[in-house]
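Written out below as structure tokens is the structure these notes cover.
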Amino acid sequence: MIIVMSPGANEQQIDAVVRKVKEYGCEANVSRGVERTIIGAIGDERAINQETIDALSGVEQSMNIVKPYKIVAREWHKENTVVHIKDVPVGGNTVQVIAGPCSVETQPQMDDAARFVREAGCRLMRGGAFKPRTSPYTFQGKGVEGLEMFRKAADAAKLPIVTELMDVRMLDTFMEWDVDAIQIGTRNMQNFDLLKEVGRVDKPVILKRGMSATVSEWLMAAEYIAASGNHNIIFCERGIRTFETYYRNVLDVTAIPVLKKETHLPVIADPSHAGGKAWMVAALSRAAIAAGADGLLVEMHPNPCEAWCDADQALTPQELKSLMADLGGIAKVLGRDI
Ligand code: PEP
Ligand code: MN
Numbered sequence: 066m067i068i069v070m071s072p073g074a075n076e077q078q079i080d081a082v083v084r085k086v087k088e089y090g091c092e093a094n095v096s097r098g099v100e101r102t103i104i105g106a107i108g109d110e111r112a113i114n115q116e117t118i119d120a121l122s123g124v125e126q127s128m129n130i131v132k133p134y135k136i137v138a139r140e141w142h143k144e145n146t147v148v149h150i151k152d153v154p155v156g157g158n159t160v161q162v163i164a165g166p167c168s169v170e171t172q173p174q175m176d177d178a179a180r181f182v183r184e185a186g187c188r189l190m191r192g193g194a195f196k197p198r199t200s201p202y203t204f205q206g207k208g209v210e211g212l213e214m215f216r217k218a219a220d221a222a223k224l225p226i227v228t229e230l231m232d233v234r235m236l237d238t239f240m241e242w243d244v245d246a247i248q249i250g251t252r253n254m255q256n257f258d259l260l261k262e263v264g265r266v267d268k269p270v271i272l273k274r275g276m277s278a279t280v281s282e283w284l285m286a287a288e289y290i291a292a293s294g295n296h297n298i299i300f301c302e303r304g305i306r307t308f309e310t311y312y313r314n315v316l317d318v319t320a321i322p323v324l325k326k327e328t329h330l331p332v333i334a335d336p337s338h339a340g341g342k343a344w345m346v347a348a349l350s351r352a353a354i355a356a357g358a359d360g361l362l363v364e365m366h367p368n369p370c371e372a373w374c375d376a377d378q379a380l381t382p383q384e385l386k387s388l389m390a391d392l393g394g395i396a397k398v399l400g401r402d403i
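Whatever position you read off the sequence shown (first residue = 1), add 65 for this note's numbering.
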């Protein structure tokens with residue numbers, strides 16, 4: 066840690082900082098400039114309480130040298146990590162598209178959806194049984210019955226399933242239904258107790274970005290999961306909230322290369338919740354793949370007009386098929402496949 070003293074800091078104030086740094090088990094290297102004194106704290110800076118240092122009189126500011134996240138950081142693990150959802154690798158050379166409806170509705174809807182996902186060439190299926198809805202009066206998801214329908218439909222099409230966990234009390238049920246990847250939604254990105262619990266199971270976790278979360282907060286959220294023991298984490302950029310109201314959210318394409326630089330874990334994008342309209346999905350998907358995303362999470366409904374949730378952003382089965390063909394070309398240019 067580097068501690069910058071204010072221009073007028075006196076010797077007693079400098080000594081007090083040095084004493085505090087030593088109390089934390091670090092060495093203090095005092096460097097006196099013409100205008101300011103800078104103190105370098107050498108040792109394990111995570112042992113230092115930065116707020117305590119900042120509160121000492123005469124301290125202008127302090128800066129950490131080491132990143133606050135460790136297990137998820139590329140700094141400590143240079144190679145890309147490939148996370149397997151059952152036998153499907155995410156984060157390797159193949160771009161993976163996870164497709165399916167926003168929510169599980171009925172058995173025929175899920176059976177049809179699974180068939181269309183497979184026919185389009187996708188290897189993973191999404192579908193929400195527990196839905197985080199803005200209004201308590203709208204459809205909240207089919208719950209456990211939805212997991213059962215999803216499992217049945219996806220098993221018949223041989224597709225691993227991805228579904229959102231909102232409540233820690235449902236984790237055992239998710240394990241019983243053998244959910245292949247647990248999605249932590251935007252609204253729960255900083256639900257630290259939930260993150261710790263999914264950190265204790267061996268299922269891959271897709272961690273969506275919080276609506277207004279910084280990249281650093283998002284990485285720290287992933288670190289919570291990793292620190293509890295589960296390193297199978299996939300980041301999902303799903304758009305952030307801005308002043309713009311034309312579209313649902315702004316797909317933060319910039320975050321994709323930034324995350325790829327900061328973490329060795331796979332990064333995917335959700336163009337459906339970003340744009341909020343089906344007609345934007347293809348363009349946003351192309352942008353995300355071109356920016357280095359390892360995959361996509363896309364909403365597709367057998368009959369979008371009839372969808373119980375997010376009807377406006379669902380692709381038709383035919384649109385999903387053409388999207389896959391379209392993305393094949395982009396992946397090829399990048400030396401990847403799909
Ligand atoms: C979803 O993927 O079903 C969902 C609710 O997305 P988000 O958490 O990104 O809003
Ligand atoms: Mn949705």
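A virtual CB, placed ideally from N, CA and C, is assigned to each residue, including glycine.
I'd like the span of the alpha helix (DSSP H) that includes residue i, first residue to last.
i	result
Gln-115	115-120
Gly-211	209-221
Arg-345	Reading the sequence as shown, one finds Met at residue 345 and not Arg. Counting along the chain, the alpha helix (DSSP H) containing Met-345 begins and ends at 343-355.
Met-70	Careful: Met-70 lies outside any alpha helix (DSSP H), inside the beta strand (DSSP E) at 67-70.
Gly-105	Note, Gly-105: premise wrong, no alpha helix (DSSP H); beta strand (DSSP E) at 102-107.
Lys-261	257-263
Ile-79	76-88
Ile-299	Note, Ile-299: premise wrong, no alpha helix (DSSP H); beta strand (DSSP E) at 298-302.
If we ignore side chains and look at the alpha-carbon of each, how far apart do residue i and residue j end up?
i	j	result
Gln-248	Arg-180	22 Å
Glu-384	Val-147	28 Å
Val-131	Ile-68	14 Å
Ala-218	Ile-333	24 Å
Leu-349	Thr-319	12 Å
Ile-226	Tyr-89	47 Å
Ala-346	Ala-356	A quick correction: the sequence has Val, not Ala, at residue 346. Taking the straight line joining both Cα atoms gives about 15 Å.
Leu-330	Leu-260	16 Å
Glu-302	Glu-76	49 Å
Ile-395	Asn-297	27 Å
Ile-103	Glu-140	26 Å
Asn-314	Ile-107	43 Å
Phe-386	Ile-403	The question names Phe, but residue 386 in the sequence shown is Lys. Taking the straight line joining both Cα atoms gives about 12 Å.
Asn-295	Lys-268	8 Å
Ile-290	Val-99	46 Å
Thr-407	Ala-74	Not covered by the structure: residue 407. The range shown for the chain is 66 to 403.
Gly-275	Gly-250	8 Å
Arg-101	Leu-316	43 Å
Gly-192	Lys-207	11 Å
Ala-372	Asp-109	53 Å
Asp-119	Arg-84	14 Å
Asn-158	Gly-360	10 Å
When we look at the beta-carbon of residue i and count the other beta-carbons within 10 Å, is it buried (16 or more) or exposed?
i	result
Cys-370	exposed
Arg-265	exposed
Arg-216	buried
Ser-200	exposed
Asn-129	exposed
Glu-170	buried
Start and end of the beta strand (DSSP E) containing residue i?
i	result
Pro-154	153-155
Gln-161	161-165
Ser-96	92-97
Leu-392	Leu-392 -> not in any beta strand (DSSP E); alpha helix (DSSP H) instead, spanning 382-398.
Thr-228	226-229
Leu-316	Here Leu-316 belongs to no beta strand (DSSP E), and DSSP marks it neither H nor E.
Ala-246	246-249
Val-147	From DSSP, Val-147 is part of no beta strand (DSSP E); its letter is neither H nor E.
Ser-127	124-128
Ala-334	332-334
Arg-191	189-191
If you measure from the beta carbon of residue i to each beta carbon in chain D, is any gap under 7 Å?
i	result
Met-231	Protein chains in the displayed structure number just one, and chain D is not present.
Inset, instruction - Mind the definition here: the segment 280-288 touches the segment 306-313 only if three or more C-beta pairs lie below 8 Å; say whether that holds. - result: Pairwise C-beta distances place the segment 280-288 out of contact with the segment 306-313, as fewer than three of them are shorter than 8 Å.
Legend entry - Segment contact, 8 Å Cβ cut-off, at least three pairs: the segment 335-344 with the segment 237-246: These segments do not touch.
Inset, instruction - Spell out a yes or no on whether the segment 357-374 and the segment 173-187 are touching, meaning 3 or more CB-CB pairs, one atom from each, closer than 8 Å. - result: Judged by Cβ distances under 8 Å, the segment 357-374 makes contact with the segment 173-187, as three or more pairs qualify.
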